[in-house]
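S.K.: Here's a structure for you.
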Amino acid sequence: MTSTEPHPAIGALDQLQPSKPHAFDPSADIPSLNGKVILITGANSGIGKQTAVELAKHNPAQIWIAARNEQSGLEAVQDVKKTGSSVDVRFVSLELTSFESIKAAAKIVLAEAAQLDFLMLNAGIMGGPPGVTVEGYELAFGTNHVGHALLFDMLVPLLTKSAETSATKPRVVSVSSRGHAFEVPPGGIAFSTLKSTQSDLSGVTRYTQSKLANVVYAREIARHHPSIISVAIHPEDVATQLFDKGVQGGGPEIEYLAREVAPRVGVSLEEGVKNGLWAMTSDDVQSGRYYEPVGVLGKGSALSRDRELGEKLWKWTQEELGSQVV
Numbered sequence: 005m006t007s008t009e010p011h012p013a014i015g016a017l018d019q020l021q022p023s024k025p026h027a028f029d030p031s032a033d034i035p036s037l038n039g040k041v042i043l044i045t046g047a048n049s050g051i052g053k054q055t056a057v058e059l060a061k062h063n064p065a066q067i068w069i070a071a072r073n074e075q076s077g078l079e080a081v082q083d084v085k086k087t088g089s090s091v092d093v094r095f096v097s098l099e100l101t102s103f104e105s106i107k108a109a110a111k112i113v114l115a116e117a118a119q120l121d122f123l124m125l126n127a128g129i130m131g132g133p134p135g136v137t138v139e140g141y142e143l144a145f146g147t148n149h150v151g152h153a154l155l156f157d158m159l160v161p162l163l164t165k166s167a168e169t170s171a172t173k174p175r176v177v178s179v180s181s182r183g184h185a186f187e188v189p190p191g192g193i194a195f196s197t198l199k200s201t202q203s204d205l206s207g208v209t210r211y212t213q214s215k216l217a218n219v220v221y222a223r224e225i226a227r228h229h230p231s232i233i234s235v236a237i238h239p240e241d242v243a244t245q246l247f248d249k250g251v252q253g254g255g256p257e258i259e260y261l262a263r264e265v266a267p268r269v270g271v272s273l274e275e276g277v278k279n280g281l282w283a284m285t286s287d288d289v290q291s292g293r294y295y296e297p298v299g300v301l302g303k304g305s306a307l308s309r310d311r312e313l314g315e316k317l318w319k320w321t322q323e324e325l326g327s328q329v330v
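Here the sequence shown is numbered in this note's numbering, starting from 5 and rising by one per residue.
Written out as structure tokens, the structure is:
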């Protein structure tokens with residue numbers, strides 16, 4: 005296992021000959037997670053919840069279900085407990101469109117968790133009409149990237165503690181999408197209008213821009229925090245969960261994909277979570293990389309590997325969040 009960011013040329017070579025999928029059976033291939041602490045955003049449903057269920061079967065010490073919907077979050081806690089393990093499962097309220105909510109959630113975890121070994125940044129939105137977060141960021145970008153970046157920054161002390169006290173490095177898995185390689189603004193991210201609704205962009209473009217940011221920022225975390233393994237993934241498209249967070253108003257492209265395509269191409273939740281579980285637990289994971297199912301390299305876009313874009317996004321994000329992290 006390596007935590008060194010690969011040379012950009014390696015990513016280019018991957019594009020010419022993508023790696024082969026890994027055979028992965030979560031029940032057999034996930035090692036014991038004894039003593040480990042896990043936090044998953046958006047774990048009240050879908051990919052996030054199923055990931056928590058699967059990890060709970062391997063005896064971690066604690067799993068945090070972070071979500072904005074308290075009722076479904078508490079129901080998820082009970083579902084995870086039904087695995088029969090002795091894991092301590094907790095809910096923490098998290099609304100990624102609000103810095104106040106993010107900081108409140110982080111403070112609870114910092115106060116109550118002894119460490120943090122696995123952080124899955126899974127929650128997100130797709131579609132919906134143009135809008136902004138509480139702090140004025142374009143809604144998809146503010147939720148999918150900015151909110152998660154603030155949460156990560158605030159939880160770094162717990163991740164660092166794990167790095168110092170554990171034989172294995174803590175991991176951050178950012179759930180992106182293969183859509184990051186599709187329709188994005190010129191240059192990848194429209195920095196000059198991120199603090200607006202970006203209503204001049206389609207719903208698809210606003211979403212894919214945020215997913216590109218997930219891949220790029222995961223690589224930057226790997227560069228700036230070498231004691232942490234950081235990767236981005238595309239999960240399989242799950243038939244019952246795809247596009248479930250705001251189809252209305254997302255534009256004709258998203259509505260068509262949701263109603264006509266997703267039901268025919270989606271896979272089961274059990275299949276859909278495999279890539280994330282592999283990224284969280286496999287010894288073959290390389291920090292700073294982007295993986296498609298299961299463990300496949302070489303599918304990221306050229307922009308996702310662009311060092312200049314990465315440095316620009318890191319600088320922009322840190323400048324935006326600097327006053328929030330104390």
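Even glycine gets a Cβ: it sits at the ideal position worked out from N, Cα and C. Remember, it's a predicted structure, so these values are computed and weren't measured experimentally.
#1: Can you tell me the Cβ-Cβ gap for L317 and I129, rounded? I've got them flagged as a contact below 8 Å.
#2: Can you name, in chain order, every residue of its own chain whose Cβ lies under 6 Å from the Cβ of K215, other than the five neighbours on each side?
#3: Beta carbon of S178, beta carbon of Y141: below 8 Å?
#4: Assuming contact is defined by CB atoms lying nearer than 8 Å, are V329 and M124 in contact in what I supplied?
#5: Let me check understanding here. Comparing Cα to Cα, which of A171, G304, V235 and G270 lies closest to T212?
#6: Is DSSP giving E58 helix, strand or coil here?
#7: Whole-angstrom Cβ separation of V95 and V81, contact assumed at under 8 Å?
#8: In its own chain, which residues sit with a C-beta less than 6 Å from the C-beta of I112, not counting the 5 before and 5 after it?
#9: Tell me T323's beta-bridge partners as DSSP assigns them.
#10: Suppose the cutoff is 6 Å on Cβ atoms and the five residues either side in sequence are ignored; what does the same chain contact list for G77 look like?
#11: What do you reckon, are the CB atoms on I237 and V176 nearer than 8 Å?
#12: Where does the unbroken alpha helix (DSSP H) through A108 begin, and where does it stop?
#13: Return yes when the Cβ of D204 is within less than 8 Å of the Cβ of V166, no when it is not.
#14: Any idea what DSSP makes of D288, helix, strand or coil?
#15: Helix, strand or coil, according to DSSP, for V251 in the structure here?
#16: Can you give the Cα-Cα distance for G295 and L301, rounded to whole angstroms?
#17: So what does R175 bridge to, in DSSP terms?
#18: At what residues does the alpha helix (DSSP H) containing A32 begin and finish?
#19: Look at the alpha carbon of Q245 and the alpha carbon of G132, and state the distance between them as a whole number of angstroms.
#20: In terms of residue numbering, what span does the alpha helix (DSSP H) encompassing F156 cover?
#21: So, does the segment 23 to 30 touch the segment 274 to 286, judging by three or more C-beta pairs under 8 Å?
#22: What number of angstroms, rounded off, separates the C-alpha of V139 from the C-alpha of G52?
#23: Residues in the same chain with beta-carbon distance under 8 Å from V235, minus the five sequence neighbours each way, listed in chain order, please.
#24: When you compare the CB positions of P239 and P25, do they come within less than 8 Å of one another, or not?
#25: For R311, count neighbouring C-beta atoms within 10 Å of its own C-beta (all shown protein chains included) and say buried if the count is 16 or more, exposed if not.
M.R.: On the basis of the coordinates in this document:
#1: Between L317 and I129, the beta carbon gap of about 19 Å keeps them out of contact (Cβ cut-off 8 Å).
#2: Same-chain partners within the cutoff: S180, S181, G183 and H184.
#3: Contact flag unset, no.
#4: Cβ atoms of V329 and M124: not closer than 8 Å.
#5: Checked all of A171, G304, V235 and G270; the closest Cα to T212 is G304.
#6: Helix at E58.
#7: Note that residue 95 corresponds to Phe in the displayed sequence, not to Val. The beta-carbon separation of F95 and V81, rounded to 5 Å, stays under the 8 Å limit for a contact.
#8: V96.
#9: In the sequence on display, residue 323 carries Glu and not Thr. Answer by DSSP bridge pairing: none, since E323 is not bridged.
#10: Around G77, the same chain offers N48, I69, A71 and F95 as residues with beta carbons nearer than 6 Å, after the five sequence neighbours per side are excluded.
#11: No, the pair does not count as a contact, with Cβ atoms beyond the cut-off.
#12: Secondary structure note for A108: its alpha helix (DSSP H) is the uninterrupted segment F103 to E116.
#13: It should be pointed out that residue 166 corresponds to Ser in this sequence rather than to Val. Contact flag unset, no.
#14: In the structure shown, D288 sits in coil (DSSP, three-state: anything other than H, G, I, E or B).
#15: Low confidence applies here, because V251 scores a pLDDT of 44, under 50, leaving its location unreliable and the question unanswered by this model.
#16: In the sequence on display, residue 295 carries Tyr and not Gly. When the Cα atoms are used, Y295 and L301 turn out to be separated by approximately 5 Å.
#17: According to DSSP, R175 shares a beta bridge with F122 and I233.
#18: P30 to D33 is the span of the alpha helix (DSSP H), which, as asked, contains A32.
#19: With a pLDDT of only 49 at Q245, under 50, the local geometry of the prediction cannot be trusted, and the value read off the model is given with reservation. So the two alpha carbons sit approximately 16 Å from each other.
#20: Per DSSP, F156 belongs to the alpha helix (DSSP H) from H152 to T169.
#21: Taking one beta carbon from each stretch, the segment 23 to 30 and the segment 274 to 286 have 3 or more pairs nearer than 8 Å; the two touch.
#22: What sits at residue 139 in the sequence shown is Glu, not Val. Taking the straight line joining both Cα atoms gives about 26 Å.
#23: Closer than 8 Å at the Cβ level, and outside the excluded window around V235, lie R175, V176, V177, S178, A222, A226, A283, V289, Q290, S291, G292, R293, Y294 and Y295.
#24: The answer is no: Cβ separation not under 8 Å.
#25: Exposed is the call here.
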